[in-house]
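Colleague:
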Amino acid sequence: MPIKQPRSLRFIFICCLFTLTGLSHGLIDPITLDNHNTQATLGNNSFYLEDITGEYSLIDIMALDESNFELLTEESLNKGFTHSTYWLKFSLLDRTTDKKTQNWKLETTYPLLDYIDIYIIDNNEKVEHIQLGDTYPYNERPVNHRNFIVSVPLYDNEKKDIYIRVNTSSSMQVPIFIWHPDYFFEAHSTEQYALGLYYGMMLVMFFYNFFLWFSIRDSNYLWYISYIASFAILQATTSGLSYQYLWPNSPWLESIAPPISIALVGFFGTAFTRRFLHTRQYHIVADNLLRSILGLSVVVFFLSFIADTSTVMALAKVVVVAFLLIILYASFAMLLRGHRQARFFLAAWVSLILGGLFTIGMMWGIFPNNFLMTHASKVGSMIEIILLSFALADRIKVIENEKKVIELHAQQELERTNKKLQENNRLKDEFLATINHEFRTPLNGILGSLELTQLDITHETISMAKGSAHEMLNLVDQVLSYTELQAGNFMVKPTAINLPEFLDKISDTMRSLCVAKGIEFSIDNNPCNPKIIITDKKRLLQAINPILNNALKFTERGHISLSAQVRYVDNQYVLFINIEDSGVGIAEHKRDDILNAFTQGDGSSSRQFSGLGIGLSLVQALCYRLNGAMSVTSEIHNGTLIELSLPIEVPQQTSIPQTQEASMDKINVIKEHAKVLIVEDNHINQVVLKTMLQRLNIESHTADHGGKALSILQQAHANDDAFDLILMDCQMPVMDGFEATQCIRNSGAPYANTPIIAVTANAFSSDKERCLQSGMDDYLSKPFQLNDIRCKLQHWLAR
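Per the numbering used here: the sequence shown = residues 2 to 800.
(1) With 16 as the cutoff for other CB atoms within 10 Å, does E56 come out buried or exposed?
(2) On a Cα-Cα basis, can you pick out the residue from S227, L415, T238, N698 that is closest to P112?
(3) Out of P648, L107, Y569, which has the shortest C-alpha to C-alpha gap to D537?
(4) I'd like the list of long-range same chain contacts for I620, defined as Cβ closer than 7 Å, with 5 residues on each side in sequence excluded.
(5) Is any heavy atom in the ligand FAD found nearer than 7 Å to the beta carbon of C624?
(6) For I535, which residues in the same chain have their Cβ closer than 8 Å to its Cβ, ignoring the five residues on either side in sequence?
(7) Look at the Cβ atom of S298, then the Cβ atom of I261, and state whether they are nearer than 8 Å.
(8) Rounding to the nearest angstrom, what Cα-Cα distance links S635 and S782 in this structure?
(9) For a quick check, are the C-beta atoms of L563 and I524 less than 8 Å apart?
(10) Closer than 7 Å by C-beta to G586: which residues in its own chain qualify, once you throw out the five before and the five after it? Chain order, please.
(11) Rounded to whole angstroms, what's the CA-CA distance from Q743 to K421? Just pull it up for me.
(12) Quick one: grab the DSSP three-state call for T266.
(13) Closer than 8 Å by C-beta to L325: which residues in its own chain qualify, once you throw out the five before and the five after it? Chain order, please.
(14) Should Y780 go down as buried or exposed, given a rule of 16 or more other Cβ atoms within 10 Å for buried?
(15) Rounded to a whole number of angstroms, what is the C-alpha to C-alpha distance between K709 and K554?
(16) Can you find the residues in the same chain that come closer than 6 Å, C-beta to C-beta, to I165, ignoring five residues on each side of it along the sequence?
(17) In terms of residues, what are the limits of the alpha helix (DSSP H) holding H638?
(18) On a CA-only basis, which of N250, L254, V205, R218 is nearest A230? Give me that one, please.
(19) Taking the continuous alpha helix (DSSP H) assigned at H718, which residues delimit it?
(20) Which of helix, strand or coil does DSSP assign to S583?
(21) Looking at C-beta atoms only, is the number of pairs between the region 135 to 143 and the region 247 to 264 that lie closer than 8 Å three or more?
(22) Looking at the unbroken alpha helix (DSSP H) that takes in D183, where does it start and where does it end?
(23) For V167 versus Y228, is the C-beta distance shorter than 8 Å?
(24) Does the region 752 to 764 come close enough to the region 718 to 727 that 3 or more CB-CB pairs lie under 8 Å?
(25) Helix, strand or coil, according to DSSP, for D505 in the structure here?
(26) Where L78 and S251 are concerned, what is the direct C-alpha to C-alpha distance, given to the nearest angstrom?
(27) DSSP on V651, reduced to helix/strand/coil?
(28) Give a yes or no on whether the C-beta atoms belonging to M335 and H410 are separated by under 8 Å.
(29) What are the boundary residues of the alpha helix (DSSP H) that A323 is part of?
(30) Excluding five sequence neighbours on each side, which residues of the same chain lie with their C-beta closer than 7 Å to the C-beta of N628?
(31) From A331, W248, V321, pick the residue whose C-alpha is nearest to that of R276; which is it?
(32) State the start and end residues of the unbroken beta strand (DSSP E) segment that holds F48.
(33) If you draw a straight line from the C-alpha of L43 to the C-alpha of L50, how long is it?
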């Protein structure tokens with residue numbers, strides 16, 4: 002408790018006191034108190050002394066000569082952070098002319114002082130000793146107030162000497178005021194209202210931003226309200242309010258509250274800055290500096306519980322200064338980089354920094370300790386909190402604007418997508434109508450020709466049926482090739498091609514078609530071209546044929562020409578194919594459209610030319626997958642020139658391979674009495690295959706599915722008989738061709754090594770690979786002709 006010690010000094014002490022200090026008392030002008038004084042300060046009317054060791058007692062101080070003291074020239078004693086103990090001495094003289102005793106209030110307005118010893122000596126040399134400071138429980142204070150206040154009773158013309166001893170680990174700030182008892186509570190009630198307004202505003206801002214965070218879940222608001230709360234605690238701690246209302250019975254908590262609150266402000270303020278300014282993404286230097294403040298704040302927080310308060314406060318000072326300067330730097334740097342909210346952010350922190358610098362300057366003894374300096378950080382923080390709220394509000398506005406822009410772009414994109422879907426639906430409907438027409442046309446030719454054969458079997462009707470079937474097969478091949486490209490199952494298998502023979506076959510086919518239409522056709526194979534080139538023959542035909550078909554389709558008179566030339570370009574051989582016609586040409590505005598799949602120059606039901614509309618798009622895709630290119634040059638009514646450039650290989654020693662047709666008639670190479678097992682679930686296909694084999698003088702047996710084929714093979718083996726070849730369909734009931742092949746290969750019987758040729762309608766490259774991987778030896782795609790069967794048998798049933 003505060004210790005009041007009214008007592009008479011020993012006789013010897015009184016003698017010494019009068020002898021040694023009489024001169025001193027005479028030199029100090031007392032602070033005169035009258036009815037006109039509502040408040041008085043110590044400036045120019047008091048002396049102070051620095052006790053470096055802190056060992057002086059009141060007797061020692063009173064025994065010292067006046068020359069050991071220094072006159073206080075400021076309004077208050079302000080020495081910043083120091084380990085020394087300081088003594089203050091002054092006198093009070095009552096001139097109120099009142100006949101009653103006045104209880105003047107002696108107030109020390111810096112609530113973070115640890116130890117304050119106040120000695121009041123009256124005219125009778127009686128000493129009243131009062132102990133104050135934040136190391137004592139709050140409820141032991143003589144006056145219930147956040148500041149340190151004692152009553153000094155004086156009657157008319159009475160003079161009292163005051164000695165004050167101060168020792169603290171915080172800043173040595175000793176602002177002392179003398180208040181007239183009639184004005185003290187009135188003046189402090191106004192200050193309390195101002196503090197209530199400040200903390201009320203902080204509370205309102207806290208809950209306002211808390212509800213915003215709760216509504217929109219923006220983490221910026223969570224860091225911001227954490228910063229508001231920690232800063233409010235820091236201000237309440239430095240104002241003495243936290244000790245008065247939050248932990249009045251815990252001096253230990255009061256001693257560690259300042260560094261802990263500084264650490265929390267540094268941590269949450271820095272985290273909020275990093276998040277708000279996006280320094281991690283846009284300014285790595287500023288972000289690293291801010292992260293260092295985060296680390297220092299954490300260190301200060303934990304050291305507050307275990308280290309000496311003065312040591313922790315020294316580190317906390319570094320955190321405060323670095324925190325303010327680095328945030329100022331980060332805000333300015335982001336403003337220079339065009340961060341819109343950085344302008345509010347910078348203004349907010351400048352306000353706090355200015356207020357904080359004034360308060361820190363006061364704590365370091367640079368500025369005087371008065372009401373304005375004491376509360377400068379509160380004024381700055383109030384402005385800061387408001388501006389930061391503006392910054393967050395502006396951020397929400399920016400986000401809303403960005404959201405509107407995104408929604409607008411999304412709506413526009415949705416409209417474009419809807420238009421594209423509508424266009425795709427139109428193309429789909431048009432394509433279905435087209436494919437219905439294109440497939441029904443040759444199908445009508447097949448059915449009509451077959452019906453005519455019932456009446457009169459002629460070579461012409463059979464040729465028409467065969468031609469219509471080939472036309473339908475070409476349409477199917479185009480659709481399958483395009484689907485294969487789109488699915489990414491495209492495979493390139495380079496083989497040696499005899500270029501002159503390859504071009505001659507194209508010439509023979511095209512020349513007869515052009516003669517029938519009255520068009521000239523010419524082909525030019527550069528004599529310098531190599532005879533043998535290496536590329537994928539199937540894909541090359543798929544690239545050339547659609548262009549020639551279009552040229553024939555869209556040319557009514559004139560000519561069609563094809564030229565081939567091999568050049569060595571950029572360290573590789575390139576085959577250039579130029580196809581030119583004198584047809585209707587392509588309008589410039591439709592030149593890009595015709596390269597889109599299922600798009601035609603005229604998609605109406607009254608269009609003049611037939612087709613699926615995938616020819617040129619298929620050619621372009623093939624060229625791309627072959628690492629080549631396609632260019633189109635055309636003018637309306639002046640014909641079209643299409644150039645293909647495809648990388649090829651040219652072997653060092655070229656020899657013309659024997660063509661398939663050259664060996665078609667060599668039936669005698671197939672061994673005699675060959676026996677073939679046909680595994681096919683479709684009866685018509687069974688009959689077709691069996692008839693073709695009969696034409697080749699080959700015995701055959703049939704099985705409806707893979708399981709039955711296994712039974713036939715096992716029965717033949719039991720009868721010491723065997724099949725020389727198996728023609729295997731892939732998709733069948735009970736057991737498909739893949740499973741049947743695996744069972745045959747894994748049987749361990751002599752027929753396990755029988756050659757198996759896949760005969761399937763699955764025409765993709767991936768289907769062929771699957772057949773070969775399952776154990777089949779070769780692949781034949783439906784529909785096929787007699788020559789196709791003959792070639793396969795020549796290879797697998799050779800003598």
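Where a beta carbon is used, it is the ideal one built from N, C-alpha and C, also for glycine.
Modeller: Based on what the coordinates show:
(1) exposed
(2) T238
(3) P648
(4) The residue asked about is misnamed: residue 620 is Val in this sequence, not Ile. Once the five neighbours on either side are set aside, the close Cβ partners of V620 are A544, P547, I548, M631.
(5) Among the ligands in the structure shown, none appear at all, so the ligand FAD cannot be discussed.
(6) P495, T496, A497, I498, I649, E650, V651, P652
(7) no
(8) 38 Å
(9) yes
(10) S635, E636, I637, H638, N639, G640, T641
(11) 47 Å
(12) It should be noted that the sequence gives Val, not Thr, for residue 266. It is helical.
(13) W350, L353, I354, G357, L358
(14) Buried, since its Cβ has 16 or more Cβ neighbours within 10 Å.
(15) 49 Å
(16) L89, I119
(17) Unbroken run through H638: none, as it is neither H nor E.
(18) V205
(19) 707 to 719
(20) coil
(21) yes
(22) Its alpha helix (DSSP H) spans residues 182 to 217.
(23) no
(24) yes
(25) The answer is helix: DSSP assigns D505 an H, G or I state.
(26) 28 Å
(27) coil
(28) no
(29) 310 to 337 is the span of the alpha helix (DSSP H), which, as asked, contains A323.
(30) P648
(31) The option with the nearest alpha carbon to R276 is A331.
(32) 47 to 52
(33) Taking the straight line joining both Cα atoms gives about 14 Å.
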